[in-house]
Each structure stands twice: as C-alpha cells, then as structure tokens.
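Numbering (the UniProt record's numbering), first residue to last: 1 to 472.
Glycine included, each C-beta is placed from N, C-alpha and C at the ideal position.
Worksheet: one structure, shown below.
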Amino acid sequence: MLHKTLKPFPDYFLWGASTSAYQVEGAALEDGKGPSCQDVKDIPEGTADLSVSVDHYHRYKEDIALMAEMGFKSYRFSISWTRILPEGTGEVNPKGIAFYNDLIDECLKYGIEPIVTMFHFDMPAALDKRGSWSVRESIDWFAEFAAVLFKHFGDRVKYWLTINEQNMLTLVGPVIGTMYIPQETDNLTKEIYQQNHHQLVAQAKAMQICHEMLPEAKIGPAPNISLVYAASSKPEDVLASQNYNAIRNWLYLDAAVYGIYNNLVWAYLEELDAVPEISQEDWDIMRAAKPDFIGFNYYNTATVAASDGTESLDPAADQQTSRGESGFYRGTDNPHLPKTEFGWEIDPIGFRATMRELYSRYRLPLLVTENGLGAYDSLEEDGKIHDQYRIHYLQDHIAQIQEAITDGVEMLGYNPWSAIDLISTHEGIKKRYGFIYVDRSDDELKTLKRYRKDSFFWYKKVIAANGADLTD
Ligand code: BG6
C-alpha cells in the first residue's frame, strides 16, 4: 500500500532506548548482589567479562542526564533478579531496592517513563543450582520476584515487560549464555520446551499478579519477533515459512495473548516427542492472563525454504542468523537484503510487515523494545564518533513505523538498542549499538568516559520533532 499522506506519530509516543542490567551495570557482586548465570558463565574468547560492563551502576546519573539531553520520553532497563533477591528467592537485598528506587526516581526527575524488564537473560545462579526453569517451582520463584518488584516499584513504574526474548532463550540459549542444561537428559528438545512451558506459565502468573496489585499498570511480553519469509513462491517453501513463523514467533504470542499453544508448534513438538507436561492448573493460569500490549524486539526478518531432510541446527546460529531443522524448514540468506558488519541482514520494510502481522493477529498496541545496528565505531581524536551508518539504519526503520501507523497499527513507542554502548550477548563491546559511546574495549577498561555519537545529536532532533523530521 502506497500511502498518499502519512499519519503523524501520536503525542504520547514513547521515544527512548533500551539496555539490560547485566550488559550495562557492572558491580556484578557489589552491595549484596548475588551471582547470576551471566556472572558464572564462560566468557567467549576475545570479549569483555561482565564484572564492570560499562559501570552504569555507578554512573547512572550521568547516563540518565545524557538520555534526558536527547529528550528521551522513556528508558527501558531491566532489573537484575539477584540484586533484589541474591539467592533468587527469600531474603530481599535492601541495597538492590535502593539502587532501582534511585534509578527510577532519576528517570522521573526528567520526565522519562521507566519501562522495566523483569527478566533479561540473567537467571540467579542459586536457582540454576536448584534446576532453573526445568522445575515447576520456577513458576513460583518468578511469581515471588514479580510481587517484590510490584510492591517496591509499582507506585512509579507503569510499564512492565515480563521475559526478554523468551523465544531466543529457547532457540539459541547456549549461544547467548543463558541455557541451563541438566546433566541427564535423553531428549534435549523436550527438556528445552519444558523449560519454555514453565516460563509461559510464570509469565502468565506475573501478568495476573500485576493486574491484581497494580490495576493502573500495563504489562506485556517482549519476544524477538521477525517475520519469516518464504524463499520463493514454491508452495513447499510457503509451508516451511509457516512452520518457522509458528516455532519462532507465534508460539510465544499465542500463549501470552490467548493462553493457547499454536497448533503447528504442537504438531512439531509431537513429531519430536517433545510435548511438555502441562497441568490443568497451567492451562487455567495461561487462559486467565492477558497482556495490555505487545513489546517486541526487531532486528531483521528471516527467510526459509522447504527442508530437504539434511538440515541440523547450527550450534553457532544466534538470534538473527539462519538455521534449519530437518523436516521443518531450511534457513537461507535473502538475496535482496544487505548485511551488517556482524552478518545480520537489514530489512526495514520487513519491520513494517512484522508490525502489520503482529497487529492483525493480536489487536494489541505494540511497543518496540529493541531495534538497532551493531557496528564497529571509532572514537576520533576530536572526541567525535561519526556513526552515519547507524543513523541510516534508524532513519529507515523509524520511517517504517510511520508507514505502519498509517496502515492502522497502534504503536506505543520506540526504544531501540541501545541507549549507551554495552556488552553484546556474545560478541563483546566491539559490537556497539549505543547513542552514547563508552571508552573501553573488550580487554581494557580505559577511562569509561562517555561521548556523544553523531547519532546522539540526530536522535535528539528526531525526538524534538516527534518523528516529523528524520533528516540528518
Ligand atoms: C537481543 C537482546 O537479542 O539483541 C539483547 O535482547 C542483545 O540483550 C541484542 O544485546 C543484540 O544482540 P547481540 O547479540 O548483538 O548483543
């Protein structure tokens, strides 16, 4: 559809950006924080460890002042479970509560709406020792944590996100350093989908508790959604794209919104003898919960062809690189799309297609919780960072949000990745996403000084014009 006139961004549109606790905070074991799976995992060679990250824990005031200078209306950050509950359950750490109280108050001081992710890839190490998401008790652990968050921060936080990228935890958990693998299992797929099921129920419970404790608050999931294209108009390729769309995307949102398992996913799990154990109580909890909006992360689309029966899951595939599964789909490159320096395809029009599809399937407002370009940036001698490539990426994607709004999609806000440079999930700080540059490398902490990138000044202008001027 070619629109003659584009609708403007709504006045309430939440322009901001995102981070996650373990990727920015540092202070990994400070002020009573317990270790999370991120603090005990093996660090991929050549990437930064997470003990200091970019020191947001000590520099959040300076960082939020810079976000305010850009005109942010929102800041999406996650709360570290083990800063609040060092053992995952039980005793609350008052210093952890104090830190997030201060962070929230600092945002509100500048009129920045805090958008809080409750869980972003950082399972408490103590709970991994107790079986992690494999065991049913994990549902209660998460519910306990959720209630603590709502009690302490619910007077000021209106937007909550449950689990960041549950679909990536399930599909590529080992690559992003989050997967708990029990020592004995003869069917890893079943084990993984049992963990996934417990997360679905835990999320539903958290949504229910939120609505009971905080009737004014809004809560939603935050999966990584990429529309999956068929590699050609061959009918078999179209079926494969439906398979992978269901496995990658719709499983998570059909469960969150309607409390059901997607039928194609169910058939897939039956084929693999991997249907999880589901109690009647689980169904009741899932059906009773309903999100108020859909938060989603978008980096690019995926493209698949029919399986030729030879595919196996590529153990190195990450969130956005192609994969295949014998009998279901075969990941391919999309010849129409360029790639980033880190091999992720770039597809702004696919962003619009994804928003259209999401809205027509679920009819809930959409909040973009991540989107962005990971690149090698360089700090010039004059203290400048000329990240034109990032400006272009963001321009093209924001333009597609306006197209989607004109298509009739209800959009709440745009919070790209990332507010400030941080440590990538598995590629270190050399892969930068921020509007704010941090002076450190993977092996050296350097000064940790903050610098405004060219994209900083550009985004400030975009926000001031409420998206009406995207030019650089
Ligand atoms: C998302 C995650 O998968 O993408 C973030 O929610 C992550 O935690 C971001 O950092 C970018 O991915 P990566 O692998 O480049 O860090």
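Less than 7 Å between the CB of residue i and some heavy atom of the ligand BG6, yes or no?
i           : result
residue 431 : yes
residue 164 : yes
residue 297 : yes
residue 46  : no
residue 424 : yes
residue 194 : no
residue 224 : yes
residue 102 : no
residue 80  : no
residue 23  : yes
residue 121 : yes
residue 374 : yes
residue 318 : yes
residue 266 : no
residue 345 : no
residue 370 : yes
residue 427 : yes
residue 179 : no
residue 36  : no
residue 168 : yes
residue 20  : yes
residue 250 : no
residue 417 : yes
Could you say which of the options lies nearest to residue i if we only look at CA atoms?
i           : options               : result
residue 68  : 436, 411 and 469      : 436
residue 276 : 190, 252 and 105      : 190
residue 460 : 1, 419, 204 and 360   : 419
residue 223 : 154, 291 and 281      : 291
residue 481 : 8, 48, 219 and 84     : Missing from the structure shown is residue 481; the chain here goes from 1 to 472 and no further.
residue 227 : 66, 87, 96 and 357    : 357
residue 447 : 55, 17 and 432        : 55
residue 368 : 50, 14 and 146        : 14
residue 141 : 34, 116, 162 and 202  : 202
residue 80  : 19, 329 and 43        : 19
residue 348 : 278, 70 and 393       : 393
residue 330 : 363, 247 and 354      : 247
residue 378 : 1, 421 and 22         : 421
residue 297 : 352, 184, 314 and 284 : 352
residue 450 : 130, 250 and 64       : 64
Near residue i, what residues of its chain come up, given a Cβ to Cβ distance below 7 Å and the 5 sequence neighbours on each side ignored?
i           : result
residue 470 : 395, 398, 399 and 462
residue 255 : 200, 261 and 286
residue 485 : For residue 485 there is no data in the structure shown, the boundaries of the chain being 1 and 472.
residue 231 : 237, 303, 304, 305 and 332
residue 192 : 170
What does a CB cutoff of less than 8 Å around residue i pick up in its chain, not counting 5 residues either side in sequence?
i           : result
residue 344 : 299, 300, 320, 321 and 374
residue 176 : 121, 168, 169, 318, 319, 425 and 426
residue 326 : 307, 309, 310, 311 and 312
residue 60  : 102, 103 and 106
residue 147 : 209 and 213
residue 7   : 402, 405 and 406
residue 412 : 12, 13, 14, 293, 365, 366 and 367
residue 49  : 43
Look up residue i in the DSSP assignment and give the residues it is bridged to.
i           : result
residue 224 : 297
residue 159 : 115 and 218
residue 14  : 413
residue 451 : 437
residue 78  : 117
residue 369 : In the DSSP output, where bridge partners are listed per residue, residue 369 has none listed.
residue 345 : 339
residue 332 : 303
residue 324 : 330
residue 36  : 124
residue 229 : 303
residue 432 : 375
residue 420 : 436
residue 164 : 222
What does the Cβ neighbour count give for residue i, buried or exposed, with the cut at 16 atoms within 10 Å?
i           : result
residue 12  : exposed
residue 376 : exposed
residue 205 : buried
residue 388 : exposed
residue 257 : buried
residue 264 : buried
residue 225 : buried
residue 117 : buried
residue 24  : buried
Which residues in the same chain as residue i place their Cβ atom closer than 6 Å to its Cβ, once the five residues preceding and following it in sequence are excluded?
i           : result
residue 339 : 345
residue 26  : 52, 53, 55 and 57
residue 173 : 179
residue 245 : 228
residue 44  : 426
residue 416 : 17, 371 and 372
residue 195 : 133 and 134
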